[in-house]
Amino acid sequence: MATALYRRYRPESFADVIGQEHVTEPLMQALRTGRVNHAYLFSGPRGCGKTTSARILARCLNCEQGPTPEPCGTCQSCVALARGGPGSVDVIEIDAASHGGVDDARDLRERASYGPAQSRFKIYIIDEAHMVTPQGFNALLKIVEEPPEHVKFVFATTEPEKVIGTIRSRTHHYPFRLVPPAKLTAYMERLLESEHVAVQPGVLSFVTRAGGGSVRDSLSVLDQLIAGSGPDGLTYDGAVSLLGFTDGELLDSTVDALAAGDGAATFRQIDKVIESGHDPRRFIEDLLERLRDLIIVAAVPDGVSQVLRGVPEDQLERMRVQQSAFGPGALSRAADIVNTGLTEMTGATAPRLQLELICARILLPGSSGEQGYAARLERLERRLDVGGVPSASGGLGMPSGSATARPPAPTSPPVGPSAGPPAGVSAPARTVSDYTPPSSGVSGGASHAAGGMGGGGRSNVEAVVGRGDSGGKASQPDGHAGPGGPNGPNGPNGPNGPGDAGRVDAARAEAGAPPVVAPPESVGGPSAAASSSAPGTGATGDAPAGSSGGMDTDAIRRAWPNVLGRIFTMRRLTWTFVSQNAQVTSFDGRTLKLGIATAGLTQTFRSGNHADIVRQALIDELGVDAVVDGVHVEAAQQAPVAPPAGAVPAATADPEPSAAGPGPAGPDGAEA
Ligand SMILES: [Zn+2]
């Protein structure tokens, strides 16, 4: 195989140029009628036939039988300008990228004044014409304006607007276009036939996609595939692996999972995408392409193969199923989400994360439809659990007025961090040392008993108070209530056997033990639920009323264990960081501020993608879309802390218990 495909099959007449009929036909007509201009501007994307057409034009003009739209192919000029021919001294190709300076232009001007050596015309083909410098253009201006009879110019460029207006206005401008996939595919089929290369269905649609509408690029890709092909010709698998397109199967499974709203399966697929070495960005592009195909399948029930050419029938069949699983509304919405995500993805440092977030967004229920209602209802229930819904605020039993007065008071910091002993997972950032005592309870977590007495000493006692009399708590003097209130969360934990289990889980998790996701059900399941919901009841009440569907700072704090649980399933690193170093400081309905103990850690939080994860977790768990920001909070004021980080994995465990738990709990608190 000596020369590249696109050179071997370079068209020699306008009739052979594919996909540019809007240009070639008027040109042929002009040649036929003898209305030939002295300067032409061929513009258009790369690899779609500009230079080739310029050469064909030269051949047409200089053919001994010409000027003619159909060069004879036998005269001296035609032979010289044929594919593989020696070329003609009278057809001069200049690459303006390297010869676009003023000296080159002057040189050209000088030579142009001499007549052609052998042919009718002296033809200058100036490629990459936009690279000619302004001085170069000015030097050319005169001769392009009033060229000698024997001189013709053809400027070819991808950026016609960079050719100065005075030149452009003297040319006939012919805009070339990208070649439509159907034409390109048909062309390549013919070409493969003449090359005697077999091709499997679906391969050529990959090639056209890879070529992006450029004939030259597509043929280069095809050439490469042919070069690597065996006796079977061009195989689907070979094309997939060589071109880096997403394997149809992977795409199918992902789309199926998304259509079914199956988050677990979706994220498993994403993991597979990454594991199998696919580029996440490419995958998203392919996903978008697939969604678009599905939209077409939905819109064109019959004869879709006429629109989606080159897609094998079995694939079309699969897509019909997928499209009906999605439904038109969800499909269009998903495509929009992916499209937006793709646009925003430019320069993203964590493409995998972006991919995951995009999928998470698709999985979110739409604003309409039966499924959407169900999912929204579900979220609403979850919010009720944490007392985040305005109407439920009464249920909180908190005179919100008095509650409001309470600042995000210091709370006993979550147990978590100092659990160090067992695992050596020291709590790096925790600065609020005064409050650490409870943690000892935790570290001793193994023994539940300790939980109540051992460590928790003060905070637990307070907790008991808070819990026993949640209503009263509100009236507690601030100084005391401060720690006590927020302690609520802790409170139940301490005295409550089960609550301890939650802590144990936390301790275990921190110790690097497998996250206790399932166990809580058996061990501390209900309690875990209680621990997360109970606080809700005894809670501090409404902070400055949040605008986000009734979620306020306190509601977020109460739900925090669940959010952390969600984070845990999304990214361990973020979970570790957030559960150990960050605390809910405020939420105003739009921005969630997380207080972080040191400036350094704040920086770490901000520079990483932790915020994105937390944000997604909030969306997933509470349906609250908020900007998440890490702020450095001095140790002294840092106390405001929600339930112990410990509650985390446990809390995630099972929504059901929590749903049950709060029910009684809420009213209870209210009544008390
Ligand atoms: Zn000829």
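The working numbering puts the first residue of the sequence shown at 573, with every later residue one more than the last.
Backbone N, C-alpha and C define an ideal beta-carbon position, used for all residues, glycine too.
Nearest Cα to Leu-1190 within the set His-1204, Gly-1180, Val-1203, Thr-1141: Thr-1141. Sequence-distant partners of Val-845 (beyond 5 residues in either direction) whose C-beta falls short of 8 Å from its own C-beta, in its chain, are Thr-818, Leu-822, Thr-826, Pro-852, Phe-855, Leu-927. Exclusion of the five residues before and after Gly-672 leaves Met-703, Val-704, Thr-705, Gly-708 as the residues of its chain whose Cβ lies within less than 6 Å of its Cβ. Distances between the C-beta of Pro-643 and the heavy atoms of ligand 1 include at least one below 6 Å. Not one heavy atom of ligand 1 lies closer than 6 Å to the C-beta of Glu-733.
Distances from the CB of Cys-632 to the heavy atoms of ligand 1 are all 6 Å or more. The beta strand (DSSP E) runs of length 3 or more contained entirely in the segment 726 to 779 are, from start to end of the chain, 744 to 747. No heavy atom of ligand 1 is found nearer than 6 Å to the CB of Cys-620. The residue from Ile-868, Thr-1163, Val-812 with its alpha-carbon nearest to that of Ser-848 is Val-812. Contact check for Phe-1159 and Ile-1168: beta-carbon distance about 15 Å, past the 8 Å limit, so the pair fails to qualify. Remark: the C-beta of Glu-584 is outside contact range of ligand 1, defined as less than 6 Å to any heavy atom. A distance below 7 Å separates the beta carbons of Leu-815 and Ala-782. Taking C-beta atoms as the reference points, Asp-662 and Ala-701 fail to come closer than 7 Å. With distances taken between CA atoms, Thr-1174 lies nearest to Gln-1152 out of Ala-832, Arg-740, Gln-1152, Gly-1195. The Cβ-Cβ distance between Phe-614 and Met-600 does not fall below 7 Å. Counting the other Cβ atoms within 10 Å of the Cβ of Leu-1145 gives fewer than 16, which makes it exposed. Remark: the shortest separation between the CB of Glu-636 and any heavy atom of ligand 1 falls under 6 Å. Contact between Thr-838 and Cys-931 holds: their C-beta atoms lie close to 5 Å from each other, under 8 Å. In this structure, the CA atom of Lys-1165 is about 25 Å from the CA atom of Met-917. The beta carbons of His-745 and Pro-732 sit about 7 Å from each other, so the pair counts as a contact at 8 Å. Taking C-beta separations shorter than 7 Å and ignoring five residues to either side along the sequence, the partners of Gly-619 in its chain run Ser-786, Val-787, Arg-788, Asp-789, following chain order. Under the three-state reduction of DSSP output, Phe-817 falls in the coil class, being neither helix nor strand.
Ranked by Cα distance from His-722, the options Phe-693, Gly-737, Tyr-612, Pro-747 are led by Phe-693.
If you keep only unbroken alpha helix (DSSP H) runs of at least 4 residues inside the segment 856 to 881, you get 876 to 879.
By a beta-carbon distance limit of 8 Å, Val-883 contacts Gly-774. Their separation comes to about 7 Å. As the crow flies, the alpha-carbon of Leu-866 is around 10 Å from that of Leu-880. Under the DSSP assignment, Tyr-578 falls in the alpha helix (DSSP H) whose first and last residues are 577 to 580. With contacts defined by Cβ atoms closer than 7 Å, Glu-584 and Arg-655 form a contacting pair. Of the candidates Pro-643, Arg-604, Ala-1198, Ala-1198 places its Cα closest to the Cα of Met-1123. Of all alpha-carbon atoms in Leu-776, Ser-685, Ser-877, Val-1196, the one lying nearest the alpha-carbon of Trp-1132 is that of Val-1196.
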